[in-house]
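Contents: one structure, followed by commentary.
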Amino acid sequence: MAEKGMFNFLSLCAQEVRRHDWDRYLFTLFAPADVREDLFTILAFNTEIARIPDMVSEPLLGQIRLQWWQDSINKIYAGSSDGIQGHYIFEHIPRVILERGLSKSLFDQLFEARASDFSRSPPKNEQALVDYVFGTSAALNILLLETIGEKNGFEDKAAEVGIAWGLTGLIRALPNLAKQGRFPLPISLIAPDQNLSEFNNDMVHAIQSVCVIAKDYLDRSQERNISVSKVHRSVFLSSILTTLYLKQISESGYNPYSIDSRNGRVGRQFVVGVGALLGNY
0 MAEKGMFNFL SLCAQEVRRH DWDRYLFTLF APADVREDLF TILAFNTEIA RIPDMVSEPL
60 LGQIRLQWWQ DSINKIYAGS SDGIQGHYIF EHIPRVILER GLSKSLFDQL FEARASDFSR
120 SPPKNEQALV DYVFGTSAAL NILLLETIGE KNGFEDKAAE VGIAWGLTGL IRALPNLAKQ
180 GRFPLPISLI APDQNLSEFN NDMVHAIQSV CVIAKDYLDR SQERNISVSK VHRSVFLSSI
240 LTTLYLKQIS ESGYNPYSID SRNGRVGRQF VVGVGALLGN Y
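Dropping the structure here:
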């Protein structure tokens, strides 16, 4: 009850991000106060389109819903508000897009990547998987940078952090995705006769390979000779939890069904808080 009262002050966008994307909610608390609500608006929009496959009974319905979102965003860029009322996000996102000067191409990349969520076909190879998470995670990071403003050449670093986060998240989500008939591991890493609906030892190599790619992008981001200011740090704090999650996956024997996730919200708050204080991002 006390916890419920503690968060009564949160906007609806912030509440939805906290409910459906808690890690990014945590990162955003470290953003400057004057931009935080706009960041929550973009993240709430992202949770809406990311969750569509969970909310529909068949792919066609999901495609229709995603197209409605894309048409609505296109109308904002065209200067029209016809037909986009009726959802809490559209009380805020037109102003955020226009005042912050957000790039339409980044929204287009998000929509293109999310459209593939309704396909039951795995990515063809590692590059196809990276392209997908660029659209779902790296493009989102760059949108968040644009929302904060003064990108200062951080786009490449933000994209690399986003790719590492996206790849790691797919591995962690693999059990739930498999229940939906979705399989994010590249088909090039899987034996032709592999049963994709359940985990077995043949998948270990594929999962390990994806984790290596994630770690490589994380290393690239950290090797960049760029000092990230506190103003922008919320975009990069995911690197702290990516490191933690990759360690958990490794310790599980690359079995996403047996990951030790004892680092609950309090533990993650501590890890991220210390990392933010020390600038470990």
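Letter 277 of the sequence shown, counting from 1, is numbered 276 in numbering that gives the first Met the number 0, and no numbers are missing.
Positions of the beta carbon are idealized from the N, C-alpha and C atoms, including for glycine.
Keep in mind the model is a prediction, meaning the values are calculated, not measured.
Span of the alpha helix (DSSP H) around residue i
i                 : result
proline 93        : 92 to 99
aspartate 215     : 201 to 222
leucine 144       : 138 to 147
histidine 19      : 11 to 19
lysine 74         : 58 to 76
threonine 167     : 154 to 178
aspartate 33      : 32 to 49
alanine 190       : Premise fails: alanine 190 is in no alpha helix (DSSP H) and is neither H nor E.
phenylalanine 106 : 103 to 114
aspartate 81      : Careful: aspartate 81 lies outside any alpha helix (DSSP H) and carries neither H nor E.
Residue i vs residue j beta-carbon contact at 8 Å
i              : j                 : result
asparagine 140 : valine 227        : no
histidine 19   : arginine 50       : yes
alanine 114    : tyrosine 131      : no
isoleucine 88  : phenylalanine 44  : yes
proline 185    : proline 121       : yes
glycine 129    : isoleucine 212    : Contrary to the premise, residue 129 reads as valine rather than glycine in this sequence. In contact: valine 129 and isoleucine 212 (Cβ atoms closer than 8 Å).
tyrosine 280   : phenylalanine 198 : no
valine 230     : proline 31        : yes
Nearest-angstrom beta carbon gap, residue j and residue i [assumed within contact, 8 Å]
i             : j                 : result
leucine 236   : phenylalanine 29  : 6 Å
isoleucine 83 : serine 71         : 4 Å
alanine 138   : glutamine 108     : 4 Å
glutamine 221 : serine 249        : In fact, because the Cβ distance is near 18 Å, the residues do not count as touching under 8 Å.
leucine 143   : phenylalanine 153 : Not confirmed; about 10 Å, so no contact.
arginine 23   : valine 34         : That pair is no contact at about 15 Å.
leucine 65    : phenylalanine 110 : 7 Å
Close-in-space but distant-in-sequence residues of the same chain around residue i (CB under 8 Å, 5 per side omitted)
i             : result
valine 95     : Asp37, Thr40, Ile41, Leu101, Thr146
glutamate 125 : Pro185, Ser187, Leu188, Ser208, Val209, Ile212
serine 10     : Glu36, Phe39
Contacts around residue i, its chain only, beta-carbon distance under 7 Å, and the 5 residues preceding and following it disregarded
i                 : result
glutamine 268     : Leu25
tyrosine 216      : Glu159, Ile162, Ala163
arginine 232      : Phe29, Ala275, Tyr280
alanine 127       : Pro185
glutamine 193     : Asp201
threonine 167     : Ala213, Thr241, Tyr244, Leu245
phenylalanine 117 : Pro52, Pro58, Gly61, Gln62
6 Å Cβ shell around residue i - same chain, five flanking residues per side excluded
i            : result
glycine 148  : none
serine 80    : none
tyrosine 253 : Val203, Ile206, Gln207
valine 265   : none
Exposure label - residue i; buried when at least 16 CB within 10 Å
i                 : result
leucine 276       : exposed
lysine 156        : buried
methionine 5      : Low confidence applies to methionine 5: its pLDDT is 41, below 50, so where it sits in the model is not reliable, and the reading given next is rough at best. That one is exposed.
glycine 290       : This structure gives no information on residue 290, because the portion of the chain shown stretches from 0 to 280.
tryptophan 68     : buried
tryptophan 21     : exposed
glutamate 57      : exposed
serine 136        : buried
methionine 54     : exposed
isoleucine 170    : buried
alanine 190       : exposed
isoleucine 162    : buried
alanine 77        : exposed
isoleucine 63     : exposed
glutamate 2       : Here the model assigns glutamate 2 a pLDDT of 42, short of 50, so the residue's position is not dependable and the matter cannot be decided.
phenylalanine 133 : buried
aspartate 218     : exposed
phenylalanine 8   : exposed
proline 183       : buried
Residue i: CB within 7 Å of a non-hydrogen atom of the ligand NAD
i             : result
isoleucine 96 : Of ligands this structure carries none, so the ligand NAD is not represented either.
Neighbour flag for residue i against chain D, beta carbons, 8 Å
i           : result
leucine 139 : The chain labelled as chain D is not found in the depicted structure, where only one protein chain is given.
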